[in-house]
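Asker:
Structure follows, in structure tokens:
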């Protein structure tokens, strides 16, 4: 009998590791599927450009370049070992897989010291199974979330133990600096929060701890700024900043600022859940009314309120189905009434509220300010907020006392994890439905990855053309959606940015007038149908039949006509090459 109990206990102890291990294996297999011509390759081109020696904030004008130096050592290591870029897509996917697996285990291992194993495992899965737009590589979205989560786990552990460890706080500062390097808007929130804690007398006892965190951040900041100034003269950076801020995709930021950002966040959430959000609002108003009058909830009232909350979540589950991670917002909306019914504010676990609440809200604000992808990006913050909500829900005594409450809560969170896992494993971003990814790429930057037969043919045709017609000393421009083309050779970039550069873009004239030495000597204008894609299950199932539609006009067309360029017509592209 005792032996049997020991076996059950051992199995119970190993179950979280087993579940995380299975998810890790599934995500490892998933890393080999889909080849996107879009965001993922752009992230790699930024690092590749800096590795070639081109200057940050001077030669590159896209605003999202600031995270490039953080990936540079990893990219340089790959080039040192392999001598080229073959398979570099998969390399960075495997790096993220390893980092996210480690982070998920750290999440569970840290949280289970102060919380139930079930809650800790759920939190680990909420992070582990999330990836903005299901991008498998080291996107700045994913890495910002990862660095912030690792940082707050270290901080949370020390807050709960009421012991300040200088080294861990220093590492926390380093991790937060990495997060700021990926999403600079976090710096503003970081500074505001730091100053607030330093000047308030009630937090005087935390000044030593805060300074340790700042020291870690300062270490990274000094190294980062040193790299920038080493590569790029300050006067040239100052001259480039107005051009960087003139980036067309930054113009959304003119309408979003510290005053408007909160209303915009609320509007986005309300619009997504417009059919149910008012019910959640009425629930909270009723619960608040009862609490203010110090009235107790009857059993019938509790069951009725929980029933409504469950129905609302079921509807929100459906409304969240086409955006990976959106279900975390639904999870928070579900948790709020339950926490409000069974817990008073003064009895809430303040460590969870302050650490996870502050971090999650900061991420939501930062991505709302920095990204033009709306709810999709700001949902990243709700990954952390939802983790905090899960911990608060599982702290409720009623989960132990009332089986109906625990049953509802476990059912909801299992369904939430199921949707996240399903979308993470089977949704595809800008390639084709998962069932059509049956052809493996056998060479070049996308080697080892599976895509469709059509897309593999397009890839091979473009790669062959690049190998054939790009000369060693050419400066290259690929117009407009073929970012991975830059990775095929080590040629200098003849463009302000590899990101979506139409042939007739006014940015080209602006760039070449400032940097005439960067005018390209080899220009690929892609076949309009090449790179066609379909996002499956997510992103509103967007599709583009002619993503490389172009107009041969503007500054660059005039320059080619006035100079000695040859025109080479191929199936995959029209090439303009200086003789």
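Numbering (the UniProt record's numbering), first residue to last: 1 to 579.
Backbone N, C-alpha and C fix where the C-beta goes; we use that ideal spot for every residue, glycine too.
CB-CB under 7 Å to residue 425, same chain, minus the five flanking residues each way: which ones, in chain order?
Answerer: Position 425 of the chain shown, counted from the start, is the residue given in the question as residue 425. Answer for residue 425: 26, 30, listed in chain order.
Asker: Going by DSSP, what residue range makes up the beta strand (DSSP E) through residue 577?
Answerer: Taking the chain shown and counting its residues from 1, one reaches residue 577 at position 577. Segment 573 to 578, the beta strand (DSSP E) holding residue 577.
Asker: Per DSSP, residue 543 is paired with what?
Answerer: Locating residue 543 in the chain shown gives position 543, counting from the first residue. DSSP output for residue 543 lists 534 as bridge partner(s).
Asker: Quick one: which unbroken alpha helix (DSSP H) runs of 4-plus residues sit fully inside the stretch 219 to 293? Chain order, please.
Answerer: Runs of the alpha helix (DSSP H) inside the stretch 219 to 293: 234 to 245, 261 to 272, 277 to 292.
Asker: Give the list of continuous alpha helix (DSSP H) stretches no shorter than 4 residues that lie fully inside the stretch 28 to 105.
Answerer: Listed in chain order, they are 39 to 51, 68 to 82.
Asker: Are at least three pairs of beta-carbons, each pair with one atom in the stretch 78 to 93 and one in the stretch 441 to 455, less than 8 Å apart?
Answerer: Output reads yes: the stretch 441 to 455 touches the stretch 78 to 93.
Asker: Give me the residue from 379, 527, 50 with the minimum Cα distance to residue 363.
Answerer: Within the chain shown, residue 363 is the residue found at index 363, counting from 1. Comparing Cα positions, the closest option is 379.
Asker: Measure the alpha-carbon distance for residue 231 versus residue 56 and round it to whole angstroms.
Answerer: Walking along the chain shown from the start, residue 231 turns up at place 231. Walking along the chain shown from the start, residue 56 turns up at place 56. Between residue 231 and residue 56, the C-alpha separation is close to 7 Å.
Asker: Taking the straight line between their C-alpha atoms, what separation do you get for residue 332 and residue 103?
Answerer: For this step, residue 332 is matched to residue 332 along the chain shown. For this step, residue 103 is matched to residue 103 along the chain shown. So the alpha carbons of these two residues sit roughly 22 Å apart.
Asker: Expressed to the nearest angstrom, what Euclidean distance is found between the alpha-carbon atoms of residue 351 and residue 248?
Answerer: Sequence index remark: in the chain shown, residue 351 carries index 351 (1-based). Sequence index remark: in the chain shown, residue 248 carries index 248 (1-based). Each residue's Cα considered, the two are about 42 Å apart.
Asker: Relative to the C-alpha of residue 224, which residue among 192, 180, 240 is closest?
Answerer: Locating residue 224 in the chain shown gives position 224, where the first residue counts as 1. Closest by alpha carbon: 180.
Asker: Suppose you measure from the CA of residue 568 to the CA of residue 42; what does that come to, to the nearest Å?
Answerer: The residue given as residue 568 occupies position 568 in the chain shown. The residue given as residue 42 occupies position 42 in the chain shown. Between residue 568 and residue 42, the C-alpha separation is close to 26 Å.
Asker: Report the residue ranges of all alpha helix (DSSP H) runs contained in full by the stretch 377 to 417; include only those spanning at least 4 residues, in chain order.
Answerer: As far as the stretch 377 to 417 is concerned, its whole alpha helix (DSSP H) runs of at least 4 residues are 398 to 401.
Asker: Return the first residue and the last residue of the alpha helix (DSSP H) that residue 339 is part of.
Answerer: Residue mapping note: residue 339 aligns to position 339 of the chain shown, counting from 1. That run of the alpha helix (DSSP H) goes 327 to 342.
Asker: Alpha carbon to alpha carbon, how far is residue 277 from residue 313? Give it in angstroms, no decimals.
Answerer: By 1-based counting over the chain shown, the position of residue 313 is 313. By 1-based counting over the chain shown, the position of residue 277 is 277. C-alpha separation (whole angstroms): 10 Å.
Asker: Which partner residues of residue 431 appear in the DSSP bridge assignment?
Answerer: As a first step, residue 431 must be located in the chain shown, where it is residue number 431. According to DSSP, which records beta bridges pairwise, residue 431 is partnered with 534.
Asker: Residue 38 and residue 507 - do their beta-carbons sit closer together than 7 Å?
Answerer: Here residue 507 refers to the residue found at position 507 of the chain shown. Here residue 38 refers to the residue found at position 38 of the chain shown. Their beta carbons are not under 7 Å apart, which means residue 507 does not touch residue 38 by this criterion.
Asker: Distance check for residue 234 and residue 161, CA to CA, integer angstroms please.
Answerer: As a working note, residue 161 is residue 161 in the chain shown. As a working note, residue 234 is residue 234 in the chain shown. Approximately 45 Å between the Cα atoms of the pair.
Asker: Tell me which same chain residues have a C-beta within less than 6 Å of the C-beta of residue 509, skipping the five on either side of it?
Answerer: Residue 509 sits at position 509 when you count from the first residue of the chain shown. Taken in chain order, the residues that qualify are 555.
Asker: What separation, rounded to the nearest whole angstrom, lies between the Cα atoms of residue 401 and residue 132?
Answerer: Your numbering for residue 401 matches position 401 in the chain shown. Your numbering for residue 132 matches position 132 in the chain shown. Cα to Cα, residue 401 sits roughly 38 Å from residue 132.
Asker: For the beta strand (DSSP E) containing residue 567, list its first residue and its last residue.
Answerer: Start at 1 with the first residue of the chain shown, and residue 567 comes out as number 567. Segment 565 to 569, the beta strand (DSSP E) holding residue 567.
Asker: Look up residue 478 in the DSSP assignment and give the residues it is bridged to.
Answerer: In the chain shown, the residue the question calls residue 478 occupies position 478. Residue 478 is bridged to 524.
Asker: Cα separation between residue 324 and residue 466?
Answerer: Your numbering for residue 324 matches position 324 in the chain shown. Your numbering for residue 466 matches position 466 in the chain shown. Each residue's alpha carbon lies about 35 Å from the other.
Asker: Could you pull the start and end residues of the alpha helix (DSSP H) that residue 501 belongs to?
Answerer: What you label residue 501 is simply residue 501 of the chain shown in a count that begins at 1. Taken as a continuous stretch (DSSP letters only), residue 501 belongs to no alpha helix (DSSP H), as it is neither H nor E.
Asker: Return the residue from the list 286, 321, 349, 541 that minimises the CA-CA distance to residue 306.
Answerer: In the chain shown, counting from the first residue as 1, residue 306 sits at position 306. Residue 286 is the option with its Cα nearest to residue 306.
Asker: Under the rule that 16 or more other beta-carbon atoms within 10 Å means buried, what is residue 125, buried or exposed?
Answerer: Counting from 1 along the chain shown, the entry for residue 125 is found at position 125. With 16 or more Cβ atoms within 10 Å of its Cβ, residue 125 is classed as buried.
Asker: Would you give the residue range spanned by the alpha helix (DSSP H) that residue 299 belongs to?
Answerer: Counted from its first residue, the chain shown places residue 299 at position 299. Looking at the DSSP string, the run of the alpha helix (DSSP H) that includes residue 299 is 299 to 319.
Asker: Using 7 Å as the threshold, is the C-beta distance between residue 123 and residue 107 below it?
Answerer: On the chain shown, position 123 is the one that residue 123 refers to. On the chain shown, position 107 is the one that residue 107 refers to. Contact: yes.
Asker: DSSP three-state label for residue 492, please.
Answerer: By 1-based counting over the chain shown, the position of residue 492 is 492. In this structure, residue 492 counts as strand in the three-state DSSP scheme.
Asker: Assuming residue 166 is part of the alpha helix (DSSP H), what are its boundary residues?
Answerer: Mapped onto the chain shown, residue 166 falls at position 166. Per DSSP, residue 166 belongs to the alpha helix (DSSP H) from 166 to 182.
Asker: Give me the DSSP bridge partner(s) of residue 158.
Answerer: The count along the chain shown starts at 1 and reaches residue 158 at position 158. Answer by DSSP bridge pairing: none, since residue 158 is not bridged.
Asker: Kindly indicate which residue of 183, 562, 68, 359 has the alpha-carbon position closest to the one of residue 371.
Answerer: Counting from 1 along the chain shown, the entry for residue 371 is found at position 371. Nearest C-alpha to residue 371: 183.
Asker: Evaluate the contact criterion for the stretch 159 to 173 versus the stretch 64 to 83: three or more CB pairs, one atom per stretch, below 8 Å.
Answerer: The stretch 159 to 173, when compared against the stretch 64 to 83, does not touch it at the 8 Å Cβ threshold.
Asker: Looking at C-beta atoms only, is the number of pairs between the stretch 475 to 484 and the stretch 514 to 529 that lie closer than 8 Å three or more?
Answerer: Yes: the two stretches touch, three or more of their Cβ pairs being nearer than 8 Å.
Asker: I need the straight-line Cα distance from residue 301 to residue 308, nearest angstrom please.
Answerer: In the chain shown, the residue the question calls residue 301 occupies position 301. In the chain shown, the residue the question calls residue 308 occupies position 308. Computed Cα separation, rounded: 11 Å.
Asker: Report the partner residues of residue 450 according to the DSSP bridge assignment.
Answerer: If you number the chain shown from 1, residue 450 lands on position 450. Answer is 33, 440, bridged to residue 450.
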